[in-house]
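Please read the structure below before turning to the comments.
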Amino acid sequence: MSSPHPVHDSVGGGGCSHSWTYVLSVNSDAPAGALRPTDSKPARRSLLRGALTGAAALGAGLAVGAAAPATAATNHRPRPTTPDEALRELAAGNARWRTFREKHPDETHRVRQELVSGQHPFAVVLGCIDSRVPPELVFDQGLGDLLTVRSAGEVLDEAVLGSVAYGVLELDIPLVLVLGHQSCGAVRAAVEAEESGEKLPAHIQYLADQIAPAIDHTTEGDARIDATIDANIRLVHDRLAAEPDLAAKVSAGELAIVGARYELTNQLVHRIA
Ligand SMILES: [Zn+2]
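Position in the sequence shown counted from 1, then plus 3, gives you our numbering.
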C-alpha cells in the first residue's frame, strides 16, 4: 500500500505539505483562485437558506434553558458553500475523527427542529456500504451535513447516479467525494471472482462486473486488491466527471469531484483522484 498523504493536517500536526486546497487546485479544471461561491447564482439555494434562517429563529425560541449555551457553537457554524470550503470541512472533520477529538456537530434538539423545514447539505459522499466507514462518523458531521449515497464498492448504477445528481443539481451541493477504503470486501470479491472464474451469487455478480474494469493486473494477492481499490475509486470518479451536467458545474467552478480513500488502520482519508 502506498503511504497515504493526509488531505489536511491541522489537528494531527504531522507537517505534511498536502492540503485539500492544494490538491483541489491540481485536479480542478479551474485554478483554485477561480473557484467562486456557489450561492452567488441559484435562486433555489437562496430560498432554502431563507427557510432555514426562519426555522433557526423559531428554533431559538424553542431552546430550553441550560442546553442553549452548550450547543450554540454547533447550531450556528458556517456552512461551506464552495468546493474548497467543503473539502476543508471534511478534512477538518476527519482530522477530529482520527485524533479522537470529535465534536459530534448538528445533533442538537435545535438542529433537528431547523431541519424540519429543509436540508442544506454541503457535500455528497458516495461511499461503500462497509460498516467500518460511515461517512458521518469518519468526517465528524451531523444531521443535514452530508448527502450520503452508499453501494458496495461505491459502484455506480442508475439509482446511484440519480442520487448523486439530485444532490448536485437540485440541492446545489458543491462537492462530490467518492470514498473508497482499505480492505474493501466488494473489491476483494470482484478480484477473486475474476481469478477463479466462478460467478458470484445473485445480484452480487453485478457489483463484481462493475468493479472488473478496475482490476489491477500488474500485481498479485493482497497487493492486487489494494491497487484495485485505488483504481476503482478513480474509475468511479472519472465516470462521474464525464457526466455532462456534472462536468458543466465543474467547469464553472461550482463543483469539485474528488476521489479519496479511507484507511482502516489509521482512519485517515487521503486523496486518490
Ligand atoms: Zn467496501
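Using N, Cα and C, we set each Cβ at its ideal position, and we do this for glycine too.
- The C-beta distance from P86 to L178 rounds to 5 Å, short enough to fall under 8 Å.
- Residue environment: G170 is assigned as buried (16 or more neighbouring CB atoms within 10 Å of its CB, all protein chains considered).
- Shown here, H112 sits in a helix according to DSSP, grouped into three states.
- Of all alpha-carbon atoms in F103, R153, T111, L129, the one lying nearest the alpha-carbon of V181 is that of L129.
- In the DSSP assignment, V136 falls outside any alpha helix (DSSP H), carrying neither H nor E.
- Between I275 and G262, the C-beta spacing is below 7 Å.
- Between V158 and D109, the alpha-carbon positions lie close to 29 Å from each other.
- Those residues whose C-beta sits under 6 Å from the nearest heavy atom of ligand 1 are, from N- to C-terminal order along the chain, C131, D133, G156, H184, C187, G188, A189.
- Residue nearest to R104 within the set Q144, P81, P124 is Q144 (criterion: CA-CA distance).
- DSSP links H184 through a beta bridge to Y265.
- Counting along the chain, the unbroken alpha helix (DSSP H) around T231 starts and ends at 224-244.
- If you keep only unbroken alpha helix (DSSP H) runs of at least 4 residues inside the stretch 138-204, you get 138-141, 161-168, 188-199.
- A distance below 7 Å between beta-carbons, with the five flanking residues on each side excluded, links V190 to the following residues of its chain, in chain order: G156, I214, I228, T231, I232, N235.
- Residue pairing by DSSP leaves A211 without any beta bridge partner.
- Residues of the same chain with a CB within less than 7 Å of the CB of C187, apart from the 5 flanking positions on each side, are C131, D133, G156, I232 in chain order.
- Residue pairing from DSSP places I260 in a beta bridge opposite V179.
- Nearest to T222 by alpha-carbon distance, out of V194, K202, L243, is V194.
- In this structure, the beta-carbon distance from W100 to V152 does not fall below 7 Å.
- Under a 10 Å Cβ-count criterion, V239 is classified as buried, with 16 or more other Cβ atoms of the shown protein chains found around its own Cβ.
- One Cα belongs to E161, the other to A126, and the distance between them is close to 20 Å.
- About 7 Å separates the beta carbons of V167 and L243, which is inside the 8 Å limit, making them a contact pair.
- Looking at the DSSP output, H273 shares a beta bridge with R264.
- Looking at the backbone, the Cα of N97 and that of H107 are separated by about 12 Å.
- The straight-line gap separating the alpha-carbon atoms of A251 and P83 is approximately 20 Å.
- The distance from the Cβ of P124 to that of L164 is about 18 Å, inconsistent with a contact at the 8 Å cut-off.
- Where V253 is concerned, there is no enclosing beta strand (DSSP E), although the alpha helix (DSSP H) around it starts and stops at 247-254.
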